[in-house]
Amino acid sequence: MVTVELDIFSGRPNPRWALTEREARQLTERIRADPSLLLPLDADTGGLGYRGFIVRAEDTGMADDWKRLGLPPVVRLGGAFQPGAAESSRFLLHSAEGARLDLRDPGPVLAEAESVILQSLDVQGVMTLCSPAALTSDTDFSFWNGAANLRYNNCYNFASNLRTNTFAQPGRASGAIYASIDCAAVGGGAVRDGWLTACRADANYNVCLVIWPNYDYHWYRYCANSHWCHKPGQTAARNYDNSNQLILNPETADRGGYTVFCGYYRGYNVTVS
Amino acid sequence: MKRSLRGAWLALGLGLLGAWACATGSAPADAPGAEEKAMASAARASVDVFSGREAPTWALSDDESRALREAVEALPEGTRPLPDVGLGYRGFTVTWADGARATVHGAVVEFVSGGRTQLREDAPRAVEERLLLGSRAHLDPELFKAVASQVQAAQP
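Top line first, the protein sequences correspond to chains A and B.
Counting in this note's numbering, the first sequence runs from 1 upward without gaps.
Counting in this note's numbering, the second sequence runs from 1 upward without gaps.
What follows is the structure, encoded as structure tokens:
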């Protein structure tokens, strides 16, 4: 029997279900075609929220075929940073629909997983920092945190390094603010403001976009000493995450409910409002 | 920006009112008095939960505004400051027309009035609960649920 565990919860036990023989056969075909789909159990596949699947080959039946292929009995597939596994992840997710899950709320849980899988397809690759990188201090935030400016500039102001005192919104400066809260819409607004996905030759603010699905967005900017900095809304700019840890990698930092990592953007002299 | 303009406007209005009363040697007439009372009790509340988007805000009724002001002013002094949450629910804020402002997160209330900032302690978290319940009519149902769950999860 081949079972699948959706690795998504922090407190509750993850939902698990068995694949039908047909589904197990289809899964092994996918893996045969692309063995890189499989990851070791300790691979970094995300923080809070959707982290991919854990596949187990137990007892007999399809498990025998699995073992005959030389596959380990327990493996990971997919995750928050694995766009290459998006198709197979969706396949596994859909196999949950026919199964009887021990969940009071399967709808929203599966939808959340699907949302992260789809949005991972937009990820601009792994962290590549463009140079020359335009850096600001990773410790001195007085430019942002004084009483006259603190409450009127948000994460996007900080990421752009433009203190407009307008609580800037992606796309507003170009007359087309984002229409929904997702990577494509908010990222699209940023692109209209002048942000790029490719590196610039002269100077680059390296920033990245994350999403709290359906509710909000947040930006981080690469600052001095290899740290990432950010400004959560109207609160103080800082160089640490929700767990008070210095941010070395925004993909793995504690981002609270902002579980979807959209990707990296670069810019300099963009226009925000 | 908007708030400080309104505060300046109010100060000017009240100043003129006082000057007028002194000049005539009598109490202000009913109409300006009633208006003054309404402005003093009107308030706006907001929930600080977003980073990119503006915080949702809504108007409070006169009764609610007065009740909250009384509740906050009745709280004992505290020593704990507002926590530095980062991303997510960071508290409710009420701003009264006279410029006073209270921010509440869990059992901590930070009350700013007349240029002074005071910390208060609300052990039963009654002010926060009142604001949370009052926010329900003004927030999208899913957002309300998300805020409520973060309020519950907030460390005391």
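The beta carbon of each residue, even a glycine, is placed where N, CA and C say it ideally should be.
Check the Cβ of residue 242 of chain A against every Cβ in chain B and list those closer than 9 Å, keeping chain order. 85, 86, 87, 88
For residue 242 of chain A, tell me which candidate among A:254, A:74, A:181 has the shortest Cα-Cα distance. A:254
Are there 16 or more other CB atoms within 10 angstroms of the CB of residue 69 of chain A, so buried, or fewer, so exposed? exposed
Separation of residue 266 of chain A from residue 53 of chain B, as counted between CA atoms: 21 Å
What residues from chain B crowd round residue 218 of chain A, counting only those whose CB sits closer than 7 Å? Contact annotation for residue 218 of chain A against chain B: 51, 52, 87 [CB-CB distance below 7 Å, chain order].
By Cβ distance, which residues of its chain are closer than 6 Å to residue 256 of chain A, with the 5 residues on each side in sequence left out? Excluding residues within five positions, the ones whose Cβ falls inside 6 Å are 242.
Between which residues of its own chain and residue 21 of chain A is the CB-CB distance below 8 Å, once the five residues before and five after are set aside? Shown here for residue 21 of chain A: same chain residues with a beta carbon closer than 8 Å to its own, the five before and five after excluded, namely 61, 62 in chain order.
Between residue 167 of chain A and chain B, is the shortest Cβ-Cβ distance under 7 Å, so that the two count as touching? yes
Counting only Cβ-Cβ distances shorter than 9 Å, please list the residues of the stretch 35 to 53 of chain A near chain B, keeping chain order. none
Would you report the Cα separation of residue 178 of chain A and residue 77 of chain B, rounded to the nearest angstrom? 44 Å
Which term fits residue 66 of chain A, buried or exposed, when burial requires 16 or more other beta carbons within 10 angstroms of its beta carbon? Flag for residue 66 of chain A reads buried.
Where does residue 5 of chain A fall in DSSP's three states? The three-state reading of DSSP puts residue 5 of chain A in strand, counting E and B together.
Name, please, each residue of chain B whose Cβ falls closer than 8 Å to the Cβ of residue 155 of chain A. Annotation: Cβ neighbours of residue 155 of chain A in chain B (cutoff 8 Å, chain order): 51, 52.
Please list the terminal residues of the continuous beta strand (DSSP E) segment that includes residue 66 of chain B. Taken as a continuous stretch (DSSP letters only), residue 66 of chain B belongs to no beta strand (DSSP E), being part of the alpha helix (DSSP H) at 62 to 74.
Find the residues of chain A that neighbour residue 143 of chain B, judging by a C-beta separation of less than 8 Å, and give them in chain order. 215
Throw me the rounded Cβ distance for the residue 216 of chain A and residue 50 of chain B pair, which I believe falls under 8 Å. Indeed, because the Cβ distance is near 4 Å, the residues count as touching under 8 Å.
Name the chain A residues whose beta carbon is nearer than 8 Å to that of residue 146 of chain B? 215, 257
When you compare each of B:147, B:121, B:70, B:153 to residue 192 of chain B by their alpha carbons, which one comes out closest? Since the first residue shown for chain B is 1 and the last is 156, residue 192 of chain B is missing from the structure and cannot be characterised.
With a threshold of 7 Å between beta-carbons, can residue 11 of chain A be considered close to chain B, or not? no
Who are residue 205 of chain A's beta bridge partners in DSSP? In DSSP, residue 205 of chain A forms a bridge with A:267.
Identity of the residue in B:117, B:106, B:144, B:141 nearest residue 123 of chain B by Cα: B:106
Cβ separation of residue 88 of chain B and residue 150 of chain B, assumed to be a contact under 8 Å, to the nearest whole Å: That belief holds up - the Cβ atoms of residue 88 of chain B and residue 150 of chain B are roughly 6 Å apart, short of 8 Å.
Would you say residue 106 of chain A reaches chain B, if we count a Cβ-Cβ gap shorter than 7 Å as a contact? no
Closest Cα partner of residue 87 of chain A within the set A:49, A:152, A:37: Closest option to residue 87 of chain A, Cα to Cα, is A:37.
Residue 167 of chain A (DSSP reduced to helix, strand or coil): Of the three classes helix, strand and coil, the one that applies to residue 167 of chain A here is coil, per DSSP.
Can you pull the chain B residues whose beta carbon is under 7 Å from the beta carbon of residue 232 of chain A, in chain order? Think of a sphere of 7 Å around the beta carbon of residue 232 of chain A: the chain B residues whose beta carbon falls inside it are 51, 86, 87, in chain order.
Mind pulling the chain A residues with CB within less than 9 Å of residue 48 of chain B? 233, 234, 235
Straight-line CA distance for residue 127 of chain A to residue 80 of chain A? 14 Å
Would you please state the rounded distance, in angstroms, between the beta carbons of residue 213 of chain A and residue 112 of chain A? I believe it to be under 8 Å. 7 Å
By the DSSP assignment, the alpha helix (DSSP H) with residue 292 of chain A in it spans what residues? Missing from the structure shown is residue 292 of chain A; chain A here goes from 1 to 273 and no further.
Looking at the structure shown, is residue 75 of chain A part of a helix, part of a strand, or coil, going by DSSP? The three-state secondary structure of residue 75 of chain A, taken from DSSP, is strand.
With DSSP collapsed to three states, give me the class of residue 18 of chain A. strand
Residue 207 of chain A and residue 221 of chain A closer than 7 Å at C-beta: yes
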